[in-house]
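Participant: Let me begin by handing over the structure; questions about it come next.
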Amino acid sequence: MGNDHRRPLQREGVLFFGDVIAGLSHELSNVFNIINEIAGLQQDIVGGAQPESAGVANRLTELAGRIKAQVERGETFNQFLHSLAHSVDDANIAFDLGDTLELAGSLAARPARLARVELVVHRPESPVTLVGDPFALLLTIFGSIEVVLDAADSERRVEVNAAPHGDWARLFITSADPLPPGVVDEVAALEIGRLSWGAAHTLDPPPPEPPRRIILDVPAVAPALKATADDKGQEDPDGN
Amino acid sequence: MATDRVLLVDDEKEFVEVLAERMRSRGLDVTCATSGREAISAVEEETFDAVLLDLAMPDLDGLETLRRLHEIQPELQVMILSGRATVKTAVEAIRRGATDIFEKPTDVETLVERIRSARATRIAHENDLAEEHIEEILGKRGW
């Protein structure tokens with residue numbers, strides 16, 4: 001598999017994609033900043049208007065406020081785009097699980113809204129540092145959320161939580177509705193999690209009860225990194 | 241009363257122009273530069289109470305501009321106004337002598353207030369230097 005020429009090509013493609021999106025996101029920020037200042041200038045000018053034009057002035061001030069609110073909204077989306085773009089920068093890096101969880105939740109907010117599902121993502125109570133590929137973990141979490149969103153039926157509420165679990169992190173992707181049988185078996189994202197992170201998933205409650213949540217166990221350090229060291233003929237420090 | 245003098249440095253010309261207009265309407269004397277090199281020329285020619293500097297700029301980036309500005313005028317108060325300064329870059333900017341880091345968008349009133357306090361700091365610093373100089377003269381002449 002290490003000789004497969006498509007893998008470095010795919011990695012280059014992902015890096016290119018990330019780089020370009022990060023650049024465009026920066027340009028978008030510049031545009032938002034300018035619009036924001038123009039709206040601010042409009043408020044300044046209107047603030048100094050004569051009392052007889054107070055009605056128009058108030059209306060213009062209100063419109064400038066609405067422009068600023070939309071800029072803020074756009075910039076929030078842009079920040080997600082920026083974080084997504086930079087998630088591919090390094091496949092071997094220490095990062096906070098809470099940030100990745102929050103990003104996955106932000107990216108899933110639109111599919112959730114379109115599916116009319118309430119999606120609530122909770123950061124872990126304290127920072128949980130993981131070492132490995134943040135992009136692969138993002139795909140794993142996003143794919144897990146997506147499958148649970150798709151299964152939402154009457155209750156239409158999905159919650160995501162995470163907490164440290166020994167040397168691992170444990171994530172819960174919970175639906176208020178039962179997951180249809182076999183639906184998780186087809187999730188490619190969980191396979192990505194297994195291959196890149198050695199992540200293991202279980203369904204809860206176990207059969208024959210219909211499951212309502214995916215439990216995802218992710219090691220603090222991705223074993224894929226150890227495997228790379230093994231490929232190069234280096235000794236495994238754990239002696240495994 | 242003397243006016244607070246600020247140099248705005250950002251490669252986005254329209255951003256600089258609009259922010260300058262907003263600051264001028266609040267009584268500040270604003271000079272604009274759209275590159276690090278322009279900023280360096282301006283500081284070589286004039287005195288500013290503060291410089292508001294973007295980080296991501298083509299040619300000379302903000303960190304390098306900051307270093308060169310302080311070579312010209314070590315006590316110059318340089319504040320960073322940047323979009324999403326990474327923690328690493330922000331730490332580096334502080335290490336190189338930046339006095340504040342502001343992330344865009346920052347409320348114009350906050351910026352103006354900080355620039356006014358930079359002026360007070362600069363005047364206090366000049367007074368200290370003048371005092372030291374007078375003491376030195378008095379000491380030399382044995383008065």
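Residue numbers (my numbering), protein chains in the order written: chain A, 1 to 240; chain B, 241 to 383.
Note that the Cβ used here is the ideal one computed from N, Cα and C, for glycine as well.
Note that the coordinates shown come from a computational prediction; the quantities given were computed from them, not determined experimentally.
1. By the DSSP assignment, the beta strand (DSSP E) with residue 343 (chain B) in it spans what residues?
2. Should residue 317 (chain B) be labelled buried (16 or more other beta-carbon atoms within 10 Å of its own) or exposed?
3. What ranges does the alpha helix (DSSP H) occupy inside the segment 279-340 of chain B, keeping only unbroken runs of at least 4 residues that lie completely in it?
4. Mapping DSSP to helix, strand and coil, what is residue 162 (chain A)?
5. Rounded to whole angstroms, what is the Cα-Cα separation between residue 374 (chain B) and residue 357 (chain B)?
6. What does DSSP give as the partner residue(s) for residue 247 (chain B) in the beta ladder?
7. Return helix, strand or coil for residue 170 (chain A), following the three-state DSSP convention.
8. Using a Cβ-Cβ cut-off of less than 8 Å, give me the residues of the segment 285-312 of chain B that come near chain A, in sequence order.
9. Suppose you measure from the CA of residue 116 (chain A) to the CA of residue 158 (chain A); what does that come to, to the nearest Å?
10. Counting pairs of beta carbons, one from the segment 256-268 of chain B and one from the segment 26-44 of chain A, are three or more of them closer than 8 Å?
11. Please go through the same chain and pick out, in chain order, the residues whose beta-carbon is closer than 7 Å to the beta-carbon of residue 361 (chain B), but skip the five residues on each side of it.
12. Excluding sequence positions up to five away, which residues of its chain have a Cβ less than 7 Å from the Cβ of residue 104 (chain A)?
13. Skipping 5 residues on each side, what residues in its chain have a beta carbon closer than 8 Å to that of residue 35 (chain A)?
14. Which of the three DSSP states is assigned to residue 118 (chain A) in this structure?
15. Excluding five sequence neighbours on each side, which residues of the same chain lie with their C-beta closer than 7 Å to the C-beta of residue 355 (chain B)?
16. Let me know the secondary structure DSSP gives residue 3 (chain A) once reduced to three states.
17. Quick one: give me the first and last residue of the beta strand (DSSP E) that residue 150 (chain A) is part of.
18. Entirely within the segment 68-113 of chain A and at least 3 residues each: give me those beta strand (DSSP E) ranges in chain order.
19. State the start and end residues of the unbroken alpha helix (DSSP H) segment that holds residue 221 (chain A).
20. Ignore the nearest five residues each way along the sequence and tell me which others in residue 365 (chain B)'s own chain have a CB closer than 6 Å to its CB.
21. Could you pull the start and end residues of the alpha helix (DSSP H) that residue 190 (chain A) belongs to?
22. Would residue 100 (chain A) be called buried (16 or more neighbouring beta carbons within 10 Å of its own) or exposed?
23. Could you name the residues of chain E that residue 41 (chain A) contacts, counting a contact when the two beta carbons are closer than 7 Å?
24. Going by CA-CA distance only, name the one from B:320, B:298, B:359 that's closest to residue 334 (chain B).
25. With distances taken from CA atoms, which of A:218, A:16, A:76 is nearest residue 167 (chain A)?
26. Between the C-alpha atoms of residue 223 (chain A) and residue 177 (chain A), what's the straight-line distance to the nearest angstrom?
27. Using Cβ-Cβ distances below 9 Å, what residues of the segment 351-370 of chain B are close to chain A?
Facilitator: Let's see:
1. Start and end: 340-343.
2. That one is buried.
3. Qualifying alpha helix (DSSP H) stretches, in chain order: 302-312, 327-335.
4. Strand at residue 162 (chain A).
5. When rounded, the distance between both Cα atoms is 26 Å.
6. Paired residue(s): B:271, B:291.
7. In the structure shown, residue 170 (chain A) falls within a strand segment according to DSSP collapsed to helix, strand and coil.
8. Of all residues in the segment 285-312 of chain B, 296 have a Cβ within less than 8 Å of some Cβ in chain A.
9. In this model, residue 116 (chain A) and residue 158 (chain A) are separated by some 11 Å (Cα to Cα).
10. Cβ pair count under 8 Å is three or more, so yes.
11. Scanning its chain for C-beta atoms nearer than 7 Å, with the 5 sequence neighbours on each side dropped, one finds around residue 361 (chain B) the residues 317, in chain order.
12. Counting only Cβ-Cβ distances below 7 Å, and skipping sequence neighbours, we find 138, 141, 142, 145.
13. Closer than 8 Å at Cβ, skipping near neighbours: 67, 71.
14. Strand.
15. Closer than 7 Å at the Cβ level, and outside the excluded window around residue 355 (chain B), lie 244, 246, 268, 289, 290.
16. Because the pLDDT at residue 3 (chain A) is just 46, under 50, the model does not fix this residue reliably, and the point stays unresolved.
17. Per DSSP, residue 150 (chain A) belongs to no beta strand (DSSP E); it is in the alpha helix (DSSP H), 134-151.
18. Here the runs fully enclosed are 93-96.
19. No residue range can be given for residue 221 (chain A), since it is assigned to no alpha helix (DSSP H) and is classified by DSSP as neither H nor E.
20. Cβ within range, chain order: 315.
21. Counting along the chain, the alpha helix (DSSP H) containing residue 190 (chain A) begins and ends at 188-197.
22. Under this definition residue 100 (chain A) is a buried residue.
23. As a matter of chain content, chain E is missing from the structure shown, whose protein chains are A and B.
24. Of B:320, B:298, B:359, the residue nearest in Cα terms is B:320.
25. From the listed residues A:218, A:16, A:76, the smallest Cα separation to residue 167 (chain A) is found for A:218.
26. About 34 Å.
27. Within the segment 351-370 of chain B, contact with chain A at the beta-carbon level (separation under 9 Å) is assigned to no residue.
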